[in-house]
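A quick write-up on the structure given underneath.
Number of protein chains: 2
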Amino acid sequence: MTDKDPVQPTDDEARALARSLLHDATFGALAVIDAATGAPSVTRIAIGTDPTGAPVTLISRLATHHTALTADNRCALLLGEPGPKGDPLTHPRMTLHCTAEFVASGTEAHAALRAHYLASRPKSKLYIDFPDFTFLRFTITGGLLNGGFGRAFRLAPADLVAALTG
Amino acid sequence: MTDKDPVQPTDDEARALARSLLHDATFGALAVIDAATGAPSVTRIAIGTDPTGAPVTLISRLATHHTALTADNRCALLLGEPGPKGDPLTHPRMTLHCTAEFVASGTEAHAALRAHYLASRPKSKLYIDFPDFTFLRFTITGGLLNGGFGRAFRLAPADLVAALTG
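Protein chains in written order, with my numbering: chain A, 1 to 166; chain B, 167 to 332.
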């Protein structure tokens with residue numbers, strides 16, 4: 001790749017930062033591969049968590065990323081949105097590489113997810129039951145944390161699991 | 167794709183919104199295809215414009231997206247960052263599908279781009295001449311504007327060109 005790897009060994013401070021970025025996220029950028037062209041695309045989506053702490057979203061079946069994920073469920077999330085102050089490019093953020101699974105309505109898993117999502121995002125009651133909306137659950141396969149200039153760390157799923165169970 | 171296309175005909179108001187999102191962007195999300203896995207990835211990058219108004223960025227050769235774009239220069243940008251108030255998911259944003267070209271240093275094009283970028287982003291003088299940093303220019307091939315709930319518009323390169331020449 002390169003002859004100089006700028007990535008540092010992942011430590012507990014990095015893990016805590018990654019877990020807080022996931023826990024605090026309310027929206028993020030979702031990257032997918034366009035089914036028709038094979039080119040990448042990226043869109044803004046709502047982010048919540050399921051009862052185990054895994055990232056989830058609620059998207060419309062009319063969205064182009066729904067079509068993309070139906071054809072190829074590999075995707076990536078960018079989480080960690082800058083606030084109104086400071087340099088956005090030094091604000092901590094992370095890329096999570098994931099696979100996305102649709103959660104079918106009418107199942108127990110859907111009912112539990114719906115209740116959890118509504119509790120944490122009350123405004124979603126406006127559209128959560130729209131017939132064209134569907135839940136996606138993300139399974140994290142790896143990631144990269146950028147804690148600011150010169151602070152890059154590789155993330156394994158286990159680095160975020162503490163947040164999912166604690 | 168779907169039996170119901172939620173995309174409206176692109177009008178002058180939509181074009182003006184798209185041009186302002188491009189003009190005002192200082193950072194955004196860049197989606198690429200990972201060279202090793204073929205899966206999508208997404209990262210936060212600085213966004214500026216070249217003297218013609220086309221989007222550009224300055225990235226490190228050590229970054230994984232540099233490796234990805236060297237192998238496959240198809241990419242996508244998400245521009246239009248929410249402010250501190252209001253619902254981030256109703257804030258206007260757009261996806262631009264692009265190809266990315268590296269701008270070699272030591273060329274006239276690089277000198278003009280460097281001067282323009284420095285003028286608009288003075289803080290970049292801290293790293294603009296680092297040997298591992300390189301400019302990327304994005305050529306827009308199409309896009310999708312989301313002006314808020316129910317306000318989606320497809321974008322052709324010409325919809326943004328008025329900003330590039332005006």
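Built from N, CA and C at the ideal position, the CB exists for glycine as well.
Everything numeric in this text was worked out from a predicted model, so none of it was measured.
Minimum Cβ-Cβ distance from residue i to chain B less than 8 Å
i	result
SER41 of chain A	yes
ALA76 of chain A	yes
THR64 of chain A	yes
HIS97 of chain A	yes
ARG121 of chain A	no
PRO88 of chain A	yes
Neighbourhood of residue i by C-beta, 8 Å cutoff - its chain only, sequence neighbours within 5 removed
i	result
THR265 of chain B	ASN239, ARG240, CYS241, PHE304, THR305, THR307
ASP129 of chain A	none
ALA39 of chain A	ILE33
Chain A contact for residue i (CB, 8 Å cutoff)
i	result
LEU235 of chain B	no
LEU188 of chain B	no
PHE193 of chain B	yes
VAL269 of chain B	no
ILE199 of chain B	yes
PRO258 of chain B	no
ALA329 of chain B	Because ALA329 of chain B sits at a pLDDT of 46, beneath the cut-off of 50, its placement in the model cannot be relied upon, and the following sentence gives the value as read from the coordinates. Taking Cβ atoms only, chain A never reaches closer than 8 Å to ALA329 of chain B, which makes this a no.
THR168 of chain B	For THR168 of chain B, the pLDDT reaches just 42, beneath the cut-off of 50, and the residue's location in the model is therefore unreliable, although a value from the coordinates is still provided. Yes, contact with chain A.
GLY249 of chain B	yes
PRO323 of chain B	no
ARG210 of chain B	yes
PRO172 of chain B	yes
GLY332 of chain B	Any answer about GLY332 of chain B is weak, because its pLDDT of 39 lies below 50 and its placement is not dependable; what the coordinates show is given next. By this cut-off, GLY332 of chain B is not an interface position.
Residue i versus the options, residue with shortest Cα-Cα distance
i	options	result
HIS276 of chain B	B:VAL222, B:MET260, B:ASP253, B:ILE211	B:VAL222
THR300 of chain B	B:LEU311, B:TYR283, B:LEU187, B:GLU179	B:TYR283
GLU267 of chain B	B:PRO206, B:PRO297, B:THR233, B:LEU183	B:THR233
THR174 of chain A	A:TYR127, A:THR64, A:GLY147, A:GLY106	Beyond the ends of chain A as shown, which are 1 and 166, falls residue 174 of chain A; an answer cannot be given.
PRO88 of chain A	A:GLY147, A:PRO51, A:THR10	A:GLY147
LEU302 of chain B	B:LEU292, B:GLU179, B:LEU279	B:LEU279
GLU108 of chain A	A:HIS97, A:PRO51, A:LEU77	A:PRO51
VAL103 of chain A	A:GLN8, A:ASP12, A:LEU126, A:THR70	A:THR70
Residue i, enclosing beta strand (DSSP E) - first and last residue
i	result
SER120 of chain A	Note, SER120 of chain A: premise wrong, no beta strand (DSSP E); alpha helix (DSSP H) at 108-120.
ALA318 of chain B	318-321
LEU188 of chain B	From DSSP, LEU188 of chain B is part of no beta strand (DSSP E) but of the alpha helix (DSSP H) over 178-190.
LEU126 of chain A	Element bounds for LEU126 of chain A: n/a, residue is neither H nor E.
ALA76 of chain A	74-79
GLY142 of chain A	133-146
Local conformation of residue i per DSSP, three classes
i	result
PRO228 of chain B	According to the sequence as given, residue 228 of chain B is Leu; it is not Pro. Correct three-state label for LEU228 of chain B: coil.
THR223 of chain B	strand
PRO51 of chain A	coil
ALA197 of chain B	strand
PRO84 of chain A	coil
ALA100 of chain A	strand
SER207 of chain B	strand
ALA158 of chain A	helix
ALA68 of chain A	helix
Residues near residue i by beta carbon distance below 6 Å, same chain, minus five either side
i	result
HIS257 of chain B	PRO248
PRO323 of chain B	ILE306
ALA191 of chain B	ILE213, LEU245
ALA285 of chain B	none
ASP34 of chain A	SER41, ALA68
PRO6 of chain A	ALA152
LEU187 of chain B	LEU245, GLY246, MET260
Spatial neighbours of residue i in its chain, beta-carbon cut-off 7 Å, leaving aside the 5 residues before and after
i	result
VAL161 of chain A	none
ASP290 of chain B	At residue 290 of chain B the sequence reads Ser, which differs from the Asp that was named. The answer, listed in chain order, is LEU224, TYR283, LEU284.
SER60 of chain A	HIS66, ASP132, PHE133
ARG210 of chain B	PHE193, ALA195
LEU310 of chain B	MET260, THR261, ALA318, ARG320, LEU321
ASP159 of chain A	THR10, ARG15, ALA18
LEU62 of chain A	ASP132
PHE149 of chain A	THR90
TYR127 of chain A	PHE133
8 Å Cβ cutoff, residue i in contact with chain E
i	result
LEU136 of chain A	As a matter of chain content, chain E is missing from the structure shown, whose protein chains are A and B.
Residue i Cβ short of 7 Å to the ligand COA heavy atom set
i	result
LEU62 of chain A	The model on display carries no ligand, and the ligand COA is accordingly not part of it.
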